[in-house]
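This report refers to the structure that appears directly beneath it.
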Amino acid sequence: MLDHRLLMPVLDGLDEIPESARRGAVRALNHAIGADHPIVVTCRTAEYADVITDGAPTLHRAPVVQIVPVPAADVIGYLSQVDWPDGTAWEAVYADVRAQPQGPVASALSTPLMLALARMVYQRLGGDPGDLLDATRFDCRHAVEDHLTDRVIDAAYAPDRLPSGNPVHQTPARWTARQARPWLTFLAIYLHRYRERDLAWWRLSQRLLSPWVAPGIGIGGGIALMSGISAGIAAANTNANTEDAIPLDEALTVAAAVGGTFTIFAIVIWYAGAGRAPGRLSFAIRGSLGRLRRGFATGAALIAVPAVPVLLVAAGAIQVSDGWSFTVIQTYIEALAAVTALAVVVAVALAVHNWLDAPPTSAAQASPEGFLRQDRRSSWVAAAVGERSWLFSRLRRSPPP
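As numbered in the UniProt record's numbering, residues 1 to 401 make up the sequence shown, in order.
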């Protein structure tokens, strides 16, 4: 249909693409479109001028349509159709908009966004719009816009009202404006700091937490485990016979091994999952081999990175202590086999998880709850595959009855 010009693509919101990727998107558009493949691109004026200047000859030749300010007659016509609460009279504002089309109020209401905000604020919160005509408080367009945006959160969390102004009876809201304001302010500051307009909430921890959090959790948890195991063995030795007591050096070795393994695993898992975008179950044959290969390699590395140093340290400790007896070699081979089996299990689980996390072939409505639900479902599938792989490996290792 595109080849026969029966469909015209519309790229809505070029300015919403991250700035680092915006010019790449424009280059792709220049290669993809032409006289035979028209396209409509919507973008803010400043961002559009920035990306097409000296870098987008095709788009530079394209006609540009800019939205003009909303005329005073349309402003009045739009606001006049609303059922306002009692005491919300706009007649004085209408007169000012007609008399001063370049004044602060008329200029502020000349954009669809501010016009919609004015309707939401005064329809849900009530009040006298005539206050906007106070030349001391609202001496410029920005003052009017700031006043409306400052009340947006209160209006968004206000109860729905009848034309009389009385609230509609409804279930109490989970959040109040007072509770939501600091959180929304935090998110707004976060997006402004990173110059983004889409909230990728899965990147919050990676960006806001110190890089020393993972080592702190790993080392702290490892020390806690080591202390707990040592205390448990010490308590058991006090109630045991001298022959049954565990030597202090063996107890400390076991405690250190468990604590060190936990520390390494915690740090590796933390950094492996940091910034990972939520997955979704999406089956696709194309690219299956690559996704399986990447997932398997990631899972194997997740176990190998902490396990190999531990095995090497253990081998060195054995070499400088009692040496390699038959029993020690057998125990070491069993440990090596267990680590290999665990690596295969995790690798297979992540390979399946990565395989089912294919790029979606169809669009769907997105929401944070939906992302979490899909990611949880994908993780459960991977966990189930890992469990089956582990059970299979145990059955293969079990001796026949």
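Positions of the beta carbon are idealized from the N, C-alpha and C atoms, including for glycine.
In this structure L148 does not touch V93 by the C-beta definition: roughly 13 Å separates them, more than the 8 Å allowed.
Between the alpha carbons of I76 and R137 lies a distance of about 23 Å. Straight through space, the alpha carbons of A188 and P104 are spaced by roughly 26 Å. Between the region 183-198 and the region 14-24, the count of Cβ pairs shorter than 8 Å is three or higher; the stretches touch. If only complete runs of 3 or more residues are kept, the region 2-30 shows the beta strand (DSSP E) at 10-12, in order along the chain. With contacts defined as CB atoms closer than 8 Å, T176 and Y157 qualify as a contacting pair. Burial state of M114 is buried, judged by a 10 Å Cβ sphere holding 16 or more other Cβ atoms. The continuous beta strand (DSSP E) containing V40 extends over residues 40-42. Collapsing the DSSP output to three states places D96 in a helix. CA-CA distance, V348 to A297, rounds to 9 Å. Between the C-alpha atoms of G87 and G126 there is a straight-line separation of about 7 Å.
Rounded to whole angstroms, the Cβ separation of V213 and G260 is 19 Å, and the two are not in contact under 8 Å.
In the structure shown, D150 adopts helical secondary structure according to DSSP, grouped into three states. DSSP places P215 in the uninterrupted alpha helix (DSSP H) bounded by 213-238. Secondary structure at D198: coil, using DSSP grouped into helix, strand and coil. Judged by DSSP in its simplified three-state form, D74 adopts helix. Between the beta-carbon of F262 and that of G232 there is about 15 Å, and that puts the pair past the 8 Å contact cut.
Residue environment: L208 is assigned as exposed (fewer than 16 neighbouring CB atoms within 10 Å of its CB, all protein chains considered). Looking at I52, V345, S230, the one whose alpha-carbon comes closest to that of R22 is I52. When DSSP reads this structure, H353 sits in no beta bridge, so it has no partner.
Of the residues assessed, Q179 falls on the exposed side of the cut-off, its CB having fewer than 16 other CB atoms within 10 angstroms. Residue range 177-193 is occupied by the alpha helix (DSSP H) that includes T185. When rounded, the separation of the alpha-carbon atoms in P38 and I217 is 55 Å. Contact between the region 299-316 and the region 339-354 is present: 3 or more CB-CB pairs across the two stretches fall below 8 Å. The shortest CA-to-CA distance from A266 to any of I329, P215, S230 is the one to P215. Residues P306 of the same chain have their beta carbon placed closer than 6 Å to that of I264, with the five preceding and five following residues left out of the count. Cβ-Cβ separation between E145 and A108: approximately 5 Å, consistent with a contact (criterion under 8 Å). The Cβ-Cβ distance between V258 and L225 falls below 8 Å.
L184 and V320 have their C-alpha atoms spaced approximately 59 Å apart. The beta carbon of T42 sits closer than 8 Å to those of V10, L11, D12, G13, L14, all from its chain and outside the five residues before and after it, given in chain order.
Residue burial annotation: Q81 is exposed, with fewer than 16 other C-beta atoms found within 10 angstroms of its C-beta. As the crow flies, the alpha-carbon of T58 is around 49 Å from that of A383. By the neighbour-count definition (other C-beta atoms within 10 Å, threshold 16), P182 is an exposed residue. In the three-state reduction of the DSSP assignment, Q374 falls in the helix class.
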